[in-house]
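Contents: one structure, followed by commentary.
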Amino acid sequence: MRVILLTGKGGVGKTSVAAATGLRCAAMGYRTLVLSTDPAHSLADSFDQELGHDPRLIKPHLWGAELDALRELESNWGAVKRYITQVLQARGLDGVEAEELAILPGMDEIFSLVRMKRHQDEGEFDVLVIDSAPTGTALRLLSLPEVAGWYMRRFYKPLQRMSAALRPLVEPIFRPLTGFSLPDNEVMDAPYEFYQQIEALAQVLTDPTQTTVRLVTNPEKMVIKESLRAHAYLSLYNVATDMVIANRIIPDEVTDPFFQRWKVAQERYRQEIHEDFCPLPVREVPLFTEELCGLPALERLAQVLYGDEDPTQVYYKETTMRVVQEQNQYSLELYLPGIPKDRVELAKNGDELTVRIGNHRRNLVLPQALALLQPAGAKLEDDYLKIRFSGS
Numbered sequence: 004m005r006v007i008l009l010t011g012k013g014g015v016g017k018t019s020v021a022a023a024t025g026l027r028c029a030a031m032g033y034r035t036l037v038l039s040t041d042p043a044h045s046l047a048d049s050f051d052q053e054l055g056h057d058p059r060l061i062k063p064h065l066w067g068a069e070l071d072a073l074r075e076l077e078s079n080w081g082a083v084k085r086y087i088t089q090v091l092q093a094r095g096l097d098g099v100e101a102e103e104l105a106i107l108p109g110m111d112e113i114f115s116l117v118r119m120k121r122h123q124d125e126g127e128f129d130v131l132v133i134d135s136a137p138t139g140t141a142l143r144l145l146s147l148p149e150v151a152g153w154y155m156r157r158f159y160k161p162l163q164r165m166s167a168a169l170r171p172l173v174e175p176i177f178r179p180l181t182g183f184s185l186p187d188n189e190v191m192d193a194p195y196e197f198y199q200q201i202e203a204l205a206q207v208l209t210d211p212t213q214t215t216v217r218l219v220t221n222p223e224k225m226v227i228k229e230s231l232r233a234h235a236y237l238s239l240y241n242v243a244t245d246m247v248i249a250n251r252i253i254p255d256e257v258t259d260p261f262f263q264r265w266k267v268a269q270e271r272y273r274q275e276i277h278e279d280f281c282p283l284p285v286r287e288v289p290l291f292t293e294e295l296c297g298l299p300a301l302e303r304l305a306q307v308l309y310g311d312e313d314p315t316q317v318y319y320k321e322t323t324m325r326v327v328q329e330q331n332q333y334s335l336e337l338y339l340p341g342i343p344k345d346r347v348e349l350a351k352n353g354d355e356l357t358v359r360i361g362n363h364r365r366n367l368v369l370p371q372a373l374a375l376l377q378p379a380g381a382k383l384e385d386d387y388l389k390i391r392f393s394g395s
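Terminal number for the sequence shown in this note's numbering: 395, no gaps in between.
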């Protein structure tokens, strides 16, 4: 199954782009599901049709769905939720408060990943288009398998075996004292099974032939910075980005003096987008004269974005930026084909790294792993500029 994930800062138009991408995929004959994992769902508004948690047919070959985190929680984490609720109620919270607090922060984002894994396993669709949470917050959870795996091996599995052995002995004393029972096998098994699902999904998301991200941005300073930051985190977790979509460009035919300063600013930021994300392909989408709601409007957007192309193709196959850790040392590798080393200049300010090549400059927002370190050397190898970082 081909996975295309649309992300970007809130309000940049990623839902419209996701819906238009799904519409074009369906027109090509692919069985396509557009799934919104953004807690502030607007996919139904974009299609101008009612959508729910389960896939609903919009037109031939095209389905839409909006993730219901509570339903995903119950189906994947129900036993744990009920146990946490029981514990909280025993501590004096009423039923509603206990149930709300049983949903741990970030769980809705994790369940969106589990939902993707389920569609991958079921094989009902050829293409899954994800309207993601803003700035790809959910993708930072790709570090979860690595971190959780350590805890699962070192602590959780021994604790699980110990709990199973001691429960019959301790339960008669524990329950009268606390008002709730020790976790049973169903509760203890759920986190490990959940971890296994996330670990399997990570392999799908980091396969660039199967999963790519398309960053939606606007020609505005804050939005570009957020997009660069998202790209850095995607690269940190080896998730491929194959396209950048610059949305809401004021068209040339707009000549009203009121928009003149906006157009001048946009021209400067458009150039920045092309330079900062080079060599990723950048598609520009004009500011439409209408709201992009309903299938006719989305078809016009799809035509601007893809024309007669197949949206499921991987538009860029090289990894443009990657973070490598070797022997407690980090290096940032940038794909810069055909650039001689003596033309490269580096400068770091806070969490930003500036790479200057002749008259061209590229600004990178560094992930936290590198933001506190300083560049300690660089070399060009196989068209990659490899920048080494150290703590001093």
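Glycine included, C-beta positions come from ideal geometry on N, C-alpha and C. Being a predicted model, the structure only gives us computed values, none of them experimental.
Cβ atoms of residue j and residue i: under 7 Å apart, would you say?
i, j, result
"Ala372", "Asp354", "no"
"Arg74", "Gly67", "no"
"Tyr236", "Pro378", "no"
"Leu70", "Ser115", "yes"
"Val216", "Thr244", "yes"
"Gln213", "Val207", "yes"
"Leu356", "Leu339", "no"
"Leu290", "Leu304", "no"
"Phe128", "Leu65", "no"
If distances are taken between C-alpha atoms only, which option among the options comes closest to residue i?
i, options, result
"Thr315", "Thr258, Pro42, Val242 and Val132", "Val132"
"Tyr333", "Leu46, Ala243 and Gly394", "Gly394"
"Ile201", "Gln330, Asp124 and Asp97", "Asp124"
"Leu383", "Ser39, Asp345 and Val99", "Asp345"
"Asp311", "Arg27, Leu9, Lys17 and Leu36", "Arg27"
"Ile7", "Tyr387, Thr209 and Glu196", "Thr209"
"Pro63", "Gly25, Asp97, Pro42 and Leu231", "Gly25"
"Arg232", "Leu96, Asp279 and Asp97", "Asp279"
"Gly126", "Glu275, Asp313, Met4 and Tyr387", "Met4"
"Glu53", "Gly297, Val288 and Asp97", "Gly297"
"Gly14", "Ala203, Glu229 and Asp97", "Glu229"
"Glu77", "Ser39, Val117 and Leu96", "Val117"
"Asp57", "His277, Pro42 and His122", "His122"
Using the C-alpha atoms, what's the distance from residue j back to residue i?
i, j, result
"Glu336", "Ala350", "15 Å"
"Arg273", "Tyr309", "19 Å"
"Phe50", "Gln89", "41 Å"
"Val317", "Arg364", "26 Å"
"Asn331", "Glu348", "25 Å"
"Arg85", "Pro282", "50 Å"
"Ile17", "Ala93", "According to the sequence shown, residue 17 is Lys rather than Ile. Near 44 Å, if we compare the C-alpha coordinates of Ala93 and Lys17."
"Gly55", "Gln263", "42 Å"
"Tyr240", "Lys120", "18 Å"
"Lys12", "Pro175", "53 Å"
"Pro299", "Glu196", "43 Å"
"Pro260", "Glu293", "21 Å"
"Ala205", "Glu100", "33 Å"
"Tyr387", "Glu321", "11 Å"
"His234", "Thr10", "10 Å"
"Tyr319", "Leu376", "30 Å"
Kindly indicate which three-state DSSP category residue i falls into: helix, strand or coil?
i, result
"Asp245", "strand"
"Ile7", "strand"
"Arg273", "helix"
"Ile227", "helix"
"Phe262", "helix"
"Glu125", "helix"
"Tyr319", "coil"
"Gln213", "coil"
"Asp134", "strand"
"Gly380", "strand"
"Gly67", "strand"
"Glu287", "strand"
"Glu329", "strand"
"Ser45", "coil"
"Ile201", "helix"
"Phe114", "helix"
Query raised in the report: Three or more C-beta pairs closer than 8 Å, one from the stretch 249–263 and one from the stretch 215–229: is that the case here?
Result: yes
Query raised in the report: Hey, is the stretch 264–274 in contact with the stretch 320–331, meaning 3+ C-beta pairs nearer than 8 Å?
Result: no
Requested in this report: Count the C-beta pairs between the stretch 37–55 and the stretch 14–27 that are closer than 8 Å, then say yes if the count reaches three, no if not.
Outcome: yes
Query raised in the report: Does the stretch 251–261 come close enough to the stretch 378–395 that 3 or more CB-CB pairs lie under 8 Å?
Result: no
Query raised in the report: For the 8 Å Cβ check, are there 3 or more pairs between the stretch 28–35 and the stretch 225–234?
Result: no
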